[in-house]
Structure formats: C-alpha cells, structure tokens
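Each remark here refers to the structure printed beneath this line.
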Amino acid sequence: MRRSLLVLVTAIAALGLLGAGLAWFFDRPPARPGAPRAERLWIALCADCHGADGRGSWRATLFLIRPGDLTDGATTGRQTDQYLVDIVKDGGSPIGRPGMPAFGAALTAEDIRALVAYVRGLARAPRVRGSS
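Quick note on our numbering: the sequence shown kicks off at 295 and runs consecutively.
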C-alpha cells in the first residue's frame, strides 16, 4: 500500500514537471510593453514560424516548414508590398507555399498593411518600384 502510494505520487510529480517543462519550452516571448500593434500582431501570429526576429523559428523546423529569413533585404526587398499583403491575407497555398496560413479572415486590411511595414522594418530592405 505504502509503496503504491509512493509510486503514484512520484508519477504525478513527474508528469507535472514534464508538463511545466513543455509549457515553458513552447511558450513564445511576449511583446515588449508599449509595443505598437504591428509588433504585437507579429509576436502573436507570425513569430511561431518566422521567429521573433524574422530569421525563422525552431518550431517551424519541427514541422518541416522553412519560412525563410525575412531579415534578408536582398530577398525581401524584391517582393512588392502587394505580394506581401496577398500572402498574409490569402496564405501561401495560392502561390505554392502551403506552409503559410491565411490571416485575411482574422485581420483588417489596416492590420495587414501594418504587418507588411513591420516585415519591411525587419529587413531594412529598399522598396521595390511599383510597391504601394
């Protein structure tokens, strides 16, 4: 009886520690206090795959998704703002990038434009001619 109780308590404690460790490991960092809306949206919706800094996340790698380095101005700078708006709004499936989810139903047009501006800030990339 006493040994069974000890095994049960130890198992419950081990499961609790495992759960707490996983919660800590998978928790994303919060946006900094007073952060602009675009940064808060980025952390809430984009950072899981793209990373808080835009260089990609290990979480995406777990699911074999390669979101790319959004801080690379040579790559990001070639994309028009409209392309970035469309991929945030409609997701990547229409253009052959099925790992990127669509956020058009959850975000306003203003929020999407703010996220595009935030991505531009991550890359510090020059704008492509013809972008809005």
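Quick reminder that beta carbons are idealized off the backbone N, C-alpha and C, glycines included.
Query raised in the report: When we look at the beta-carbon of Ala-399 and count the other beta-carbons within 10 Å, is it buried (16 or more) or exposed?
Result: exposed
Query - Pairwise C-alpha distance: Pro-388 and Gly-310 - result: One alpha carbon belongs to Gly-310, the other to Pro-388, and they sit about 43 Å apart.
Query raised in the report: How many whole angstroms separate the CB atoms of Leu-364 and Val-413, which I take to be in contact at a CB cut-off of 8 Å?
Result: Indeed they touch by this definition, with Cβ atoms about 6 Å apart.
Query - Span separating the alpha-carbon of Arg-349 from that of Leu-335 - result: 17 Å
Report task. Tell me whether the beta-carbon of Leu-401 lies closer than 7 Å to the beta-carbon of Ala-332. Result -> no
Requested in this report: Taking the CB atoms as reference points, tell me whether Asp-384 and Ala-396 lie closer together than 7 Å.
Outcome: yes
Query raised in the report: Roughly how far, in whole angstroms, is the beta-carbon of His-344 from the beta-carbon of Pro-361, given that I think they are within contact range, below 8 Å?
Result: 5 Å
Query raised in the report: If we cut at 7 Å on Cβ distances, does Met-394 have a partner in chain B?
Result: The structure shown contains no chain B; it is built from a single protein chain.
Requested in this report: Go to Ile-405, then tell me how far its alpha helix (DSSP H) extends in each direction, as first and last residue.
Outcome: Note on residue identity: the sequence assigns Asp, not Ile, to residue 405. 403-417 is the extent of the alpha helix (DSSP H) around Asp-405.
Report task. Could you tell me which of Asp-380, Gly-386, Ala-368, Gly-390 sits nearest to Leu-416, measuring between CA atoms? Result -> Ala-368
**Report entry** Proximity winner among Asp-347, Leu-300, Ala-403, Asp-342, relative to Gln-376 (alpha-carbon distances)
**Finding:** Ala-403
Requested in this report: Following the continuous alpha helix (DSSP H) through Arg-334, name the residue where it begins and the one where it ends.
Outcome: 331-335
Report task. Could you tell me the distance, in whole angstroms, from the CA atom of Leu-358 to the CA atom of Gly-386? Result -> 15 Å
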